[in-house]
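Comments concern the structure below.
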């Protein structure tokens, strides 16, 4: 692992829009969502929740932020990040997975695992790492020691496939004259999420389905077919069991499992975006949903008064000049990464439905594809909270940012 100090501010040359679009590898997104890095019109029908420039200036004067290091190691686009325990896990376009210490100054061996297919999403459960890939598979890895990671399964497993072979009802047609069992994803697996108790894993795919897997034996429990009219790009779970899926069909859908039938059913369809939905994030209490899309806006959804998973759009956060590609929530902060190469850090202000952009993090040379964030307990006091934000980019780098926010 190589650490490079990155002083702020970082003054980088601005690439032309046409040049930034050419950074996409083939297969980066489905044909229907290939515009995920382009700039499309913002949502005019929603009010802006961003504070006035005067309030923004007041807030930003009290917030301190800097890029404390750049993690060098990946030699292709960084597509996914996940924080667990003392480590940061990263996945790249060439199928490589790396494990980094969360504390950049710590000297430890950088673990590398290789596979086929770009790594689109990562989640960690105890000593197991689940990775979603562009080759339609989900792989399971076990951390044997600090310096070793081994693949122990590929989903669907051989046993899971074998028991589905006998009955014709287990087959679905994927194209003319070709079918496979319903446990298979037939296109890029774009997102993973774990249930609150860790007993089940959810996967979403560009094949327009999401599936549910049991983590104890990796068996596929359910597949929701035709969940959307186009590729599913994002999936998040609330602590009370609601499933939110965001799609290139411009919608977000809310799902709930019926305990008696053990099957998911549609609760609501959220429609405000005018282009493909690329990213979703939930507030810590699950009452606010954030969605980012190619329309350059982050829509803020709040739960309706009668409870349940249904949401109503209260407004939009504007400021990015290109598509929103990733979102992450830590405590009361929202972090957004964009094709405009920046990360914005937002916090809800004291005024209802008003948000302040606390910082704009500049330093990446290409679009920001993934974000992870955590509270930095070592530098937190009664006067304010310190956060560490990790960003992965199509420039092949992972940057570590420190931001200190005073107490409200």
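Residue numbers (the working numbering): 3 to 410. Ideal Cβ placement from N, Cα and C applies to all residues, glycine included. In this text the structure is predicted, and so the values were computed from the model without any measurement.
Q.
Out of 51, 46, 70, which one is the CA nearest neighbour of residue 364?
A. For residue 364, the nearest C-alpha among the options comes from 70.
Q: Check each candidate in 47, 64, 45, 48 and name the one with the smallest Cα separation from residue 386.
A: That would be 64, whose Cα lies nearest to the Cα of residue 386.
Q) Is the segment 367-386 close to the segment 82-89, with three or more CB pairs under 8 Å? A) Using a C-beta cut-off of 8 Å, the segment 367-386 makes contact with the segment 82-89, since at least three inter-stretch Cβ pairs fall below that distance.
Q. Which of helix, strand or coil does DSSP assign to residue 280?
A. DSSP places residue 280 in strand when its eight states are reduced to three.
Q) Can you tell me where the beta strand (DSSP E) with residue 408 in it begins and where it stops? A) Start and end: 400-408.
Q: Alpha carbon to alpha carbon, how far is residue 283 from residue 257? Give it in angstroms, no decimals.
A: Those two C-alpha atoms are separated by around 15 Å.
Q.
Using only CA atoms, which one of 87, 219, 120, 88 lies nearest to residue 99?
A. That would be 120, whose Cα lies nearest to the Cα of residue 99.
Q | Local conformation of residue 100 per DSSP, three classes | A | Note: residue 100 maps to strand in three-state DSSP.
Q: Pull up the CB-CB distance for residue 391 and residue 345, whole angstroms please, since I reckon it's below 8 Å.
A: About 7 Å separates the two Cβ atoms, so the contact holds.
Q: Could you say which of 188, 362, 408 lies nearest to residue 323 if we only look at CA atoms?
A: Each of 188, 362, 408 was checked against the Cα of residue 323, and the nearest Cα belongs to 362.
(Q) Below 8 Å on the Cβ atoms is my contact criterion, and I expect residue 307 with residue 239 to pass it. Report the Cβ-Cβ distance as a whole number of Å. (A) Not quite, the Cβ-Cβ distance comes to about 22 Å (not below 8 Å), so this is no contact.
Q) When DSSP labels each residue in this structure, what does residue 235 get in the three-state scheme? A) Three-state result, residue 235: strand.
Q | Span of the beta strand (DSSP E), counted from its first residue to its last, around residue 216 | A | Looking at the DSSP string, the run of the beta strand (DSSP E) that includes residue 216 is 212-216.
Q. Taking Cβ positions, are residue 335 and residue 407 nearer each other than 9 Å?
A. Closer than 9 Å, so yes.
Q | Buried versus exposed, by CB contacts within 10 Å (16 or more), residue 49 | A | Taking a 10 Å sphere around the C-beta of residue 49, we find fewer than 16 other C-beta atoms and assign the residue as exposed.
Q: Give the secondary structure of residue 367 by DSSP, where H, G and I count as helix, E and B as strand, and everything else as coil.
A: Correct three-state label for residue 367: coil.
Q | Own chain partners of residue 101 with C-beta closer than 6 Å, once the 5 adjacent residues on each side are dropped | A | Only residues of its own chain outside the window of five on either side were considered, and among them 89, 91, 113 have a CB closer than 6 Å to the CB of residue 101, listed in chain order.
Q: Counting only the same chain and skipping the five closest in sequence on each side, list residues whose C-beta sits under 6 Å from that of residue 290.
A: For residue 290, where only same-chain residues beyond five positions count, the Cβ hits under 6 Å are 304.
Q) Exposed or buried, which one is residue 317 when buried takes at least 16 other CB atoms within 10 Å? A) Result: buried.
Q. Taking Cβ positions, are residue 133 and residue 297 nearer each other than 9 Å?
A. No, the pair does not count as a contact, with Cβ atoms beyond the cut-off.
Q: Indicate whether residue 279 and residue 293 have their beta-carbon atoms separated by less than 9 Å.
A: Less than 9 Å separates the beta-carbon of residue 279 from that of residue 293.
Q) DSSP state of residue 439, grouped into three classes? A) Since the first residue shown for the chain is 3 and the last is 410, residue 439 is missing from the structure and cannot be characterised.
Q) Does DSSP put residue 141 in a helix, a strand or coil? A) Strand.
Q | Reduced DSSP secondary structure (H/G/I, E/B, other) of residue 163 | A | In the structure shown, residue 163 adopts helical secondary structure according to DSSP, grouped into three states.
Q | Between the CA atoms of residue 104 and residue 366 - distance to the nearest angstrom | A | Cα to Cα, residue 366 sits roughly 19 Å from residue 104.
Q) With residue 360 and residue 347 assumed to form a contact (beta carbons below 8 Å), what rounded beta-carbon distance in angstroms separates them? A) About 5 Å separates the two Cβ atoms, so the contact holds.
Q. When the Cα of residue 266 is compared with those of 276, 245, 253, 252, which residue comes out closest?
A. Comparing Cα positions, the closest option is 245.
Q) How would you call residue 157, buried or exposed, if buried means at least 16 neighbouring beta carbons within 10 angstroms? A) Flag for residue 157 reads buried.
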